[in-house]
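Report on one structure; see the data block that follows.
In our numbering, the protein residues as written are 68 to 314.
Have a look at this one:
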């Protein structure tokens with residue numbers, strides 16, 4: 068009876084892990100493809116454009132041909148080489164955010180693939196068909212303790228959090244990118260991103276104030292720990308303050 072219950076719980080747990088990993092892999096594939104398309108365009112701002120060099124030399128030639136009476140001193144004063152290229156700070160910032168977002172997204176995909184392998188390995192090890200029921204129960208208890216000891220459920224929760232972080236970095240870079248192109252488009256995008264960010268914040272904080280809230284985000288657990296730590300710290304400070312013997 069114990070073996071059947073344990074194996075059933077293990078199968079449900081690993082099934083949830085695999086479903087989470089499948090969802091992460093699908094979203095990561097779509098998101099990384101879209102992000103790569105943006106990077107193909109934005110990365111051009113980090114290197115010099117050969118057309119700018121050509122335009123520089125053509126401008127010098129035109130200046131010489133347009134004024135045949137130009138003095139030798141003016142010719143010598145004309146710069147021979149184009150100025151050194153320096154990418155705009157906004158371009159460096161945007162590409163840094165987007166490349167970091169891409170790396171985090173791909174890391175999430177890698178960890179999701181490893182999670183699927185961990186789930187299959189866990190079922191294979193804890194459900195050996197040739198062992199006695201007593202031996203199988205001992206193996207299940209041993210590896211169940213290892214899952215709790217090494218905080219594997221927390222690792223599973225961290226994967227969506229990494230993906231959300233990658234998405235936030237992309238939105239930040241997108242806002243900066245659009246600000247330097249068109250303010251109308253920038254305002255529309257920032258308005259929607261701000262609205263979505265506010266809803267995400269509410270969804271994250273709702274389980275703290277309403278225990279029966281069905282809404283949840285990967286950051287809710289961390290927010291709950293931070294909230295309780297803050298309340299505990301404030302309570303201790305007030306206790307010391309009220310019970311201190313002032314002179």
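All residues carry an ideal CB built from backbone N, CA and C; glycine is no exception. Values in this document were obtained by computation on a predicted structure and should not be read as measured data.
Spatial distance of residue i from residue j (CA atoms)
i           : j           : result
residue 180 : residue 302 : 44 Å
residue 290 : residue 247 : 34 Å
residue 96  : residue 304 : 48 Å
residue 80  : residue 263 : 31 Å
residue 233 : residue 209 : 36 Å
residue 91  : residue 307 : 47 Å
residue 49  : residue 300 : With the chain represented from 68 up to 314, any question about residue 49 goes unanswered, as that position is not in the structure.
residue 216 : residue 249 : 52 Å
residue 184 : residue 205 : 22 Å
residue 296 : residue 261 : 28 Å
residue 298 : residue 82  : 37 Å
residue 269 : residue 109 : 33 Å
residue 111 : residue 253 : 21 Å
residue 279 : residue 219 : 25 Å
residue 265 : residue 87  : 25 Å
residue 277 : residue 192 : 39 Å
residue 188 : residue 212 : 16 Å
Beta-carbon separation (whole angstroms), residue i vs residue j, contact threshold 8 Å
i           : j           : result
residue 223 : residue 84  : 6 Å
residue 322 : residue 182 : Shown here, the chain extends from 68 to 314; a query on residue 322 therefore has no answer.
residue 154 : residue 113 : 5 Å
residue 231 : residue 285 : 6 Å
Proximity to residue i [Cα-Cα], best of the options
i           : options            : result
residue 229 : 82, 113, 90, 168   : 168
residue 186 : 89, 284, 163       : 89
residue 26  : 80, 110, 157, 176  : Examination of residue 26 is not possible in this model, given that the chain is present from 68 through 314 alone.
residue 158 : 82, 262, 242, 87   : 242
residue 267 : 236, 307, 283, 250 : 283
residue 156 : 244, 261, 307      : 244
residue 363 : 238, 269, 278      : Past the edges of the chain, shown from 68 to 314, lies residue 363, and the structure says nothing about it.
residue 221 : 296, 265, 178, 252 : 178
Close-in-space but distant-in-sequence residues of the same chain around residue i (CB under 7 Å, 5 per side omitted)
i           : result
residue 287 : 271, 274
residue 294 : 275
residue 292 : none
residue 251 : none
Cβ shell of residue i (< 6 Å), same chain only, five flanking positions each side left out
i           : result
residue 240 : 161, 164, 165
residue 259 : none
residue 257 : 242
Own chain partners of residue i with C-beta closer than 8 Å, once the 5 adjacent residues on each side are dropped
i           : result
residue 255 : none
Exercise for review: Inspect the CB distances between the stretch 166–179 and the stretch 95–112 and report whether three or more fall short of 8 Å.
Suggested key: A contact exists between the stretch 166–179 and the stretch 95–112.
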